[in-house]
Amino acid sequence: MAKNLILWIVIAIVLMSLFQSFNPNESIVQKIDYSTFMNDLTNDRIKEVKIFEREIDVKKKDNGRYLTYIPLKEDPKLLDTLLERHVTIIGEPPQGQSILATLFISWFPMFLLIGVWIFFMRQIQGIGGKGAMSFGKSKAKMLSKNEIKTTFDDVAGCDEAKEEVKELVEYLREPDRFKKLGGKIPKGILMIGPPGTGKTLLAKAIAGEARVPFFTISGSDFVEMFVGVGASRVRDMFEQAKKTSPCIIFIDEIDAVGRQRGTGLGGGHDEREQTLNQMLVEMDGFEGNEGIIVIAATNRPDVLDPALLRPGRFDRQVVVGLPDVRGREQILKIHMKKIPIDSKVDASILARGTPGFSGADLSNLVNEAAIFAARTNQSVVRMEDFEKAKDKIMMGSEHRSMVMTEEQRELTAYHEAGHAIVGKIVPEQDPIHKITIIPRGRSLGTTFFLPKGDQISISKQKLESQISTLYGGRLAEEIIYGSQKVSTGSSNDIKTATNLARNMVTQWGFSEKLGPLLYAEEEDEIFLGRSVLKSNHISEKTARSVDKEVKEIIDRNYERARNILKDRIEILHSMKNALMKYETINAEQIEDIMNQKFESSENKK
Ligand code: ADP
Ligand code: MG
Ligand code: ZN
68 MAKNLILWIV
78 IAIVLMSLFQ
88 SFNPNESIVQ
98 KIDYSTFMND
108 LTNDRIKEVK
118 IFEREIDVKK
128 KDNGRYLTYI
138 PLKEDPKLLD
148 TLLERHVTII
158 GEPPQGQSIL
168 ATLFISWFPM
178 FLLIGVWIFF
188 MRQIQGIGGK
198 GAMSFGKSKA
208 KMLSKNEIKT
218 TFDDVAGCDE
228 AKEEVKELVE
238 YLREPDRFKK
248 LGGKIPKGIL
258 MIGPPGTGKT
268 LLAKAIAGEA
278 RVPFFTISGS
288 DFVEMFVGVG
298 ASRVRDMFEQ
308 AKKTSPCIIF
318 IDEIDAVGRQ
328 RGTGLGGGHD
338 EREQTLNQML
348 VEMDGFEGNE
358 GIIVIAATNR
368 PDVLDPALLR
378 PGRFDRQVVV
388 GLPDVRGREQ
398 ILKIHMKKIP
408 IDSKVDASIL
418 ARGTPGFSGA
428 DLSNLVNEAA
438 IFAARTNQSV
448 VRMEDFEKAK
458 DKIMMGSEHR
468 SMVMTEEQRE
478 LTAYHEAGHA
488 IVGKIVPEQD
498 PIHKITIIPR
508 GRSLGTTFFL
518 PKGDQISISK
528 QKLESQISTL
538 YGGRLAEEII
548 YGSQKVSTGS
558 SNDIKTATNL
568 ARNMVTQWGF
578 SEKLGPLLYA
588 EEEDEIFLGR
598 SVLKSNHISE
608 KTARSVDKEV
618 KEIIDRNYER
628 ARNILKDRIE
638 ILHSMKNALM
648 KYETINAEQI
658 EDIMNQKFES
668 SENKK
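Residue 486 in my numbering is what sits at position 419 of the sequence shown, and the numbering runs on without skipping anything.
Have a look at this one:
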């Protein structure tokens, strides 16, 4: 910055001196004082004078030349003397240059300096957004309906999420039709999913499909160095949005402002709380039928303040997960359309080789491949380029742990199939929604159970079923690969199962031997997430019996799960195959596999 300033000053000085030398009054002719001129004149040494106003260009008889200046405004005797001495007198009209040009030339450097100064003042203000003058203004960027080119066709691999938001498009297109019928449309939608899965893209596509303006702002934009700015930004943004309704406000990374209040280390962040409160006020303040839909995105729904999730706010949640094989293939195809591709490139093969890749990774893959091709001067992007690009992206540390080898994938498939099969057989277990071996966070695969309604109390039978189900994963690994090859992937299952069994004995009175007594108080997790187990003065002997009872519950259910799986090895294999092939299988497919109808229905296709 300082360097720049110096540079500008030097330029200004150079320009100034340049203009000085252009000044037409300046010349190389000598300047002589008036008295010498008068002396020359009286001594008849002057041949000719050219008079411009008070300046005299003097030509001497010996061809010498000089300039002189008349000291007084008028010298009445001068003309007489000149005539007397027979000097040729030439009068010049007033200077040919206009006053404006003279002014411009002499003032130009000044203007230049002022311009430079203004420029720098703006620069300095520019630091930290639009500058101190406008820090209350929302930093939301607005895209008008004609600027948004994104449609649902640009989004792939998250069909469920797409389905869920389609209704919004209809509403935004014709809000009046819905209003007449008294239809209630959610005001706030929370998009949950790992980074790069297309949350922003999907929100934009909603606006693009509905042809409404789209305001976008990031949660971190609300939180800045000036206290109170965040809240006023929120107000301002809603103010602007109301003027263009129907429209969409998209708040990216809402967890930056929407973190749970009043918790966490280092005390609450006042500024953030005010911002969050203002947001809640605004969301409550406008009626749902004003046509503003707020869409927020986060990859940390767990840290959000519960107040944000209450009805009338972000009560609708849309999960945008990592794409499965088919989804990845479609995403690749979308991005491949933008570049020339060799006919041998097979998107389905690439999709299979990129488990755990998000949409953004895949778009990056296509881009990198195109760069590799360009570097070697090819006219089309070939499969080799994609392979190279894939290796490059996988080498990036982030994905090294995510991308699984074939063996890992198989082991994970057996593990999840184990959970699912046991879960299907034991009584009272919740229905399975889907199973996936797409890695998310630290887990390699997940089996989703769908609880029917809220659970306030759970029966003993159901708890035992859960424990059996939890061990299904580990047991499947053991049955297939032998006890030496069992992986560490079950540590979470073991922890959950053990806690369940212990609580059954110590809190819920489910042990016949120990009876319905409280052997431990509930864990207290209010302070800093530290769990304080307040032990309830139980004797060592009782403690030992508690441990024994816990062990017995676990053993009983472990054996049950083992038997369930041993009797259904065929099903275990075919569920593994289905998982390896599709990565995610839904309730219907699971049902078919359980009834051993899956392979046959597959063959029909
Ligand atoms: P997020 O907001 O979830 O972090 P983005 O929407 O910003 O992810 O995605 C970044 C880019 O990655 C998009 O612009 C798009 O090119 C690509 N992308 C991500 N997800 C998808 C998808 N489901 N379909 C097509 N392209 C995607
Ligand atoms: Mg985003
Ligand atoms: Zn498991």
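Virtual Cβ for every residue (Gly too), placed ideally from N, Cα, C.
{"query": "Identity of the residue in Ile638, Leu268, Leu530, Ser173 nearest valine 387 by Cα", "result": "Leu268"}
{"query": "Proximity of valine 154 and valine 96 at Cβ, strictly below 7 Å", "result": "no"}
{"query": "Between the CA atoms of threonine 217 and methionine 275 - distance to the nearest angstrom", "result": "Note on residue identity: the sequence assigns glycine, not methionine, to residue 275. Those two C-alpha atoms are separated by around 5 Å."}
{"query": "Three-pair Cβ contact test at 8 Å for the stretch 397-410 versus the stretch 218-225", "result": "yes"}
{"query": "Beta-bridge partners of lysine 675, as assigned by DSSP", "result": "The structure shown does not extend to residue 675, since the chain is modelled only from 68 to 672, so the question has no answer here."}
{"query": "Sequence-distant residues of the same chain with beta carbon closer than 7 Å to phenylalanine 713, five excluded per side", "result": "Because the chain spans 68 through 672 in this model, residue 713 falls outside it and cannot be assessed."}
{"query": "Bridge partner(s) assigned by DSSP for isoleucine 316", "result": "Phe282, Val361"}
{"query": "Spatially closest choice to alanine 654 from Ser557, Trp575, Lys618, His500, by CA coordinates", "result": "His500"}
{"query": "Straight-line Cα distance separating glycine 549 from aspartate 322", "result": "44 Å"}
{"query": "When Asp351, Asp634, Gly263, Phe171 are compared against alanine 364, the one with the closest alpha-carbon", "result": "Gly263"}
{"query": "Any non-hydrogen atom of the ligand ADP within 6 Å of proline 373 CB", "result": "no"}
{"query": "The ligand MG site residues, beta-carbon cut 6 Å against heavy atoms", "result": "Lys266, Thr267, Asp319, Ala364"}
{"query": "Check your reading: residues with Cβ closer than 5 Å to the ligand ZN heavy atoms", "result": "Gly540, Asp560"}
{"query": "Top-ranked residue by Cα proximity to methionine 661, from His640, Glu650, Thr651, Ile505", "result": "His640"}
{"query": "Cβ-Cβ distance between arginine 569 and valine 493 below 7 Å", "result": "no"}
{"query": "Touch test, the stretch 176-186 against the stretch 136-154, Cβ-Cβ under 8 Å, three pairs minimum", "result": "no"}
{"query": "Cβ pair count under 8 Å reaching 3, the stretch 528-546 against the stretch 554-564", "result": "yes"}
{"query": "heavy atom of the ligand ADP below 6 Å from valine 222 C-beta", "result": "yes"}
{"query": "For tyrosine 136: DSSP bridge partner residues", "result": "Glu122"}
{"query": "As assigned by DSSP and simplified to three states, the class of phenylalanine 515", "result": "strand"}
{"query": "Coil, strand or helix - lysine 746 by DSSP", "result": "Any question about residue 746 goes unanswered here, given that the chain covers just 68 to 672."}
{"query": "Beta carbon of leucine 371 nearer than 7 Å to that of glycine 325", "result": "yes"}
{"query": "Secondary structure of glutamate 650, DSSP reduced to three states", "result": "coil"}
{"query": "Residue burial classification, lysine 608 (beta-carbon count within 10 angstroms, cutoff 16)", "result": "exposed"}
{"query": "Rounded straight-line distance, which links the Cα of lysine 251 to that of glutamate 241", "result": "13 Å"}
{"query": "Spatial distance of aspartate 129 from arginine 112 (CA atoms)", "result": "8 Å"}
{"query": "Separation of tryptophan 174 from valine 81, as counted between CA atoms", "result": "15 Å"}
{"query": "Backbone secondary structure at glutamine 384 - three-state DSSP", "result": "strand"}
{"query": "Buried or exposed by the 16-neighbour rule on C-beta atoms within 10 Å, applied to glutamate 483", "result": "buried"}
{"query": "Closer than 6 Å: glycine 426 CB and nearest the ligand ADP heavy atom", "result": "yes"}
{"query": "Residue range of the beta strand (DSSP E) that includes glycine 131", "result": "Careful: glycine 131 lies outside any beta strand (DSSP E) and carries neither H nor E."}
{"query": "For leucine 257: DSSP bridge partner residues", "result": "Ala363, Gln384"}
{"query": "Close Cβ partners of valine 489 (< 7 Å) along its chain, the five nearest in sequence each way excluded", "result": "Ser535, Thr536, Gly539, Ala628, Ile631, Leu632"}
{"query": "Boundaries of the alpha helix (DSSP H) in which isoleucine 561 is found, first to last residue", "result": "558-573"}
{"query": "Sequence-distant residues of the same chain with beta carbon closer than 6 Å to tryptophan 75, five excluded per side", "result": "Val183"}
{"query": "Spatially closest choice to isoleucine 123 from Thr135, Gly485, Lys114, by CA coordinates", "result": "Thr135"}
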